[in-house]
Amino acid sequence: MLRVTYNTSELQLRDHACVFWDYAINDWSTAGCTKGRDQFLRCKCNHTTNFAVLMAFQIKYKYAKPLEYISYVGVGLSIAGLTITILFQIFTRKTRKSSITWMLVSLCFSMLIFNIIFISGIENHNARKDSSDTSGNNQQFSTYTTTNTILTSDVVDPPADAWCMVVAVLLHYFLLATFMWTALNSAQLYLLLLRTMKPFPGHFIVTMSAIGWGVPAAVVAITLGATYGEGKALNYRQEEFCWLAALDQNQNFSMKKPMFWSFLLPVAFILLFNIIIFVEIIVSVIWKENKNLTRNKKDSLVKKMTATISIVVVLGITWTIGYLMLISHEETNLFFSYAFCIFNATQGLQICILYTFRSPIFKKKVSEVSSVLRVPGIQFYLHSEIYHVSKSQPAKHTQGIFRLSEIPTENISLSTLPNSC
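Position 37 (the sequence shown) corresponds to 37 in full-length UniProt numbering; numbering is contiguous.
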């Protein structure tokens, strides 16, 4: 009988095996031993020899609750903002260039689908349910086996979850597609502003669509073939979340995991490309000195800042904070984590504000709708009389006579009054 002591805040005991060292095979053996479990780990052997207890643990993952709340609130706002932006771009497409509308709609659509899947399915509820179970009752340990067999590892993998695997694949695809569309938007801005390429070729939209949706699909397919072919889901995804695997058995970041070579690496190249184009645009176009500029300097500065922020948002440059978060020390990691959640969880809302709410067309449409929905002024009549007192020319030897003149009734509209509703 054995009572096990371990760090319960980080690990959860899932299974054990009663074994002895067999010198004939130079390995552990369970021959002649049985096991049991209640409040203690019980081992019983029918022979006397050196014996041991092999144990398998499940890792308890810890994460900051405030970051989770910020992520969910930000993603919810982004879903609303992206939906508005897509609908606005579609319904006003006749007043815009088709290529520009399609590029922005594609970016917003891929980001919208990613956010919807993220908020509804990224958590692996099966893993959390298992890891939160700390009772000693045998029936509550789904991975506990009554047969005394040698454990293959000291870390227990969660049960296979096909739904979590599907979610991880979809998140991987649509987030890669989002970044690919930021790169294509970056290339389009380069052609429009720096190369003044107008109009675009007829096959431009088809080519961009093939790249924007096809390249991410190829990356995901290669990743699945290279990792999931071994039959272990955790080679591709994580245990706690339905997302790409990133850590090795020692819980250290590994470059051999798909998180690095199938996501962080290609996204790093995309962000580097976007940053180069961004710098060229702000230096050569937005912040270029114009001696013929006669507008107010303060107004010009605000417009330049707004244009700069708009490009930063649509090119996803704020995602570079994630790389700073990976290489930062513990003291600064929390700061970068909060900044990453705030800026990137609300990226869809930022796009909506900068590219929809600030659009002259949107303002005009809102004004038209407001004028239709506005309660018309209620007219009613107030009777008013104005009396003019005048003095007629007095006759000789007569007293002064005063004459009354009446002004007709005047119509007054309530909507013209300053205090009217």
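The beta-carbon is built from N, C-alpha and C at its ideal position, and this holds for glycine as well.
Asked, Found
"Since S71 is in the alpha helix (DSSP H), which residue starts that stretch and which ends it?", "K65 to F91"
"Can you tell me whether K256 is buried or exposed, with buried defined as 16 or more other CB within 10 angstroms of its CB?", "exposed"
"Quick check on the burial criterion: 16 or more other C-beta atoms within 10 angstroms. Buried or exposed for residue 452?", "The question about residue 452 has no answer, for the chain in this structure spans 1 to 421."
"Which word fits Y23, buried or exposed, when buried means at least 16 other C-beta atoms lie within 10 angstroms of its C-beta?", "exposed"
"Starting from W287, trace the beta strand (DSSP E) both ways and give me its first and last residue.", "Premise fails: W287 is in no beta strand (DSSP E) and is neither H nor E."
"Smallest Cα separation from L104: which of I361, K365, K363 and C352?", "C352"
"In the DSSP assignment, find the beta strand (DSSP E) that holds C45 and state where it starts and stops.", "L41 to C45"
"Does the stretch 45–56 come into contact with the stretch 70–81, if we say contact requires no fewer than three beta-carbon pairs (one atom in each stretch) closer than 8 Å?", "no"
"Based on the DSSP output, what are the partners of H16 in its beta bridges?", "M55"
"Taking residue 423 as part of the alpha helix (DSSP H), name the residues at either end of that continuous run.", "Not covered by the structure: residue 423. The range shown for the chain is 1 to 421."
"Among V169, A168, L191 and W213, which residue has its Cα nearest to the Cα of W181?", "W213"
"Indicate whether Q347 and G316 have their beta-carbon atoms separated by less than 8 Å.", "yes"
"Put C341 into one of helix, strand or coil per three-state DSSP.", "helix"
"In this structure, how does DSSP classify T34 when only helix, strand and coil are distinguished?", "strand"
"Please list the terminal residues of the continuous beta strand (DSSP E) segment that includes W28.", "D27 to S29"
"Out of E330, T178 and I150, which one is the CA nearest neighbour of S16?", "Note on residue identity: the sequence assigns His, not Ser, to residue 16. The option with the nearest alpha carbon to H16 is I150."
"When DSSP labels each residue in this structure, what does S132 get in the three-state scheme?", "Low local confidence applies: a pLDDT of 48 at S132 is under 50, so the model's placement there is unreliable, with the coordinate-based value given in what follows. If DSSP states are grouped into helix, strand and coil, S132 belongs with coil."
"Return the chain-ordered list of same chain residues with a C-beta closer than 6 Å to the C-beta of L112, the five sequence neighbours on each side being excluded.", "L82"
"Which residues mark the beginning and the end of the alpha helix (DSSP H) in which L189 is found?", "A162 to L189"
"With a cut-off of 8 Å, do at least 3 Cβ pairs link the stretch 257–265 to the stretch 188–198?", "no"
"Report yes or no: do three or more beta-carbon pairs, one from the stretch 302–321 and one from the stretch 208–225, lie closer than 8 Å?", "no"
"So, helix, strand or coil for F118, using DSSP?", "helix"
"Determine the extent of the alpha helix (DSSP H) in which K365 is found, giving its start and end residues.", "P360 to L373"
"In terms of residues, what are the limits of the alpha helix (DSSP H) holding G348?", "Q347 to C352"
"For F200, which of helix, strand or coil comes out of DSSP?", "coil"
"Let me know the secondary structure DSSP gives W243 once reduced to three states.", "coil"
"What is the residue span of the alpha helix (DSSP H) that G322 lies within?", "T320 to I327"
"Can you tell me which of W21, R14, L67 and C242 puts its alpha carbon nearest to the alpha carbon of F40?", "R14"
"Between the Cα of L87 and the Cα atoms of A168, C108 and E68, which residue gives the shortest distance?", "C108"
"Can you check DSSP and say which residues form a bridge with R237?", "L244"
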